[in-house]
Structures are given as C-alpha cells and as structure tokens.
Amino acid sequence: MKTKKIVEDNRPRFKVQIDYKTVITVRTMEAVKSWIQRYPAAKLVD
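Take the sequence shown: its letter number 44 is residue 73 in this note's numbering, and every next letter is one higher.
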C-alpha cells in the first residue's frame, strides 16, 4: 500500500491587505512593492 508523500512548500509568502476585506498572497517582495504602489492604502499582514 502506497503512502502519500507530504510536500512542504518552503518558499516565502507575503500577505498584502488591499482593503478591509481583500487579502492577497504573493511570493516575492517585488510583487509586494508593486501592489503597494498600485494601492497606497495596502499594508503587509502577518
């Protein structure tokens, strides 16, 4: 019987809150900077 291999993704993820209800997840700091540039009220969330 085969067992499923658990794959862990250790790449960094950054959550950016665009407005009070929209949170997106991006992988690079360049993407974070571009979202914050497009939406000045955006902030980085843990």
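Where a beta carbon is used, it is the ideal one built from N, C-alpha and C, also for glycine. All figures in this text were calculated on a predicted structure; none of them were measured in a lab.
The beta carbon of Lys-44 is closer than 6 Å to those of Val-52, Thr-54 and Val-74 in its chain, skipping five residues each way along the sequence. Annotated three-state conformation of Lys-62 is helix, per DSSP.
Rounded to whole angstroms, the Cβ separation of Ile-47 and Ala-71 is 5 Å, and the two are in contact under 8 Å. Where Thr-32 is concerned, there is no enclosing beta strand (DSSP E), because DSSP gives it neither an H nor an E. Contact between Arg-67 and Arg-56 does not hold, since the beta-carbon distance rounds to 17 Å and is not under 8 Å.
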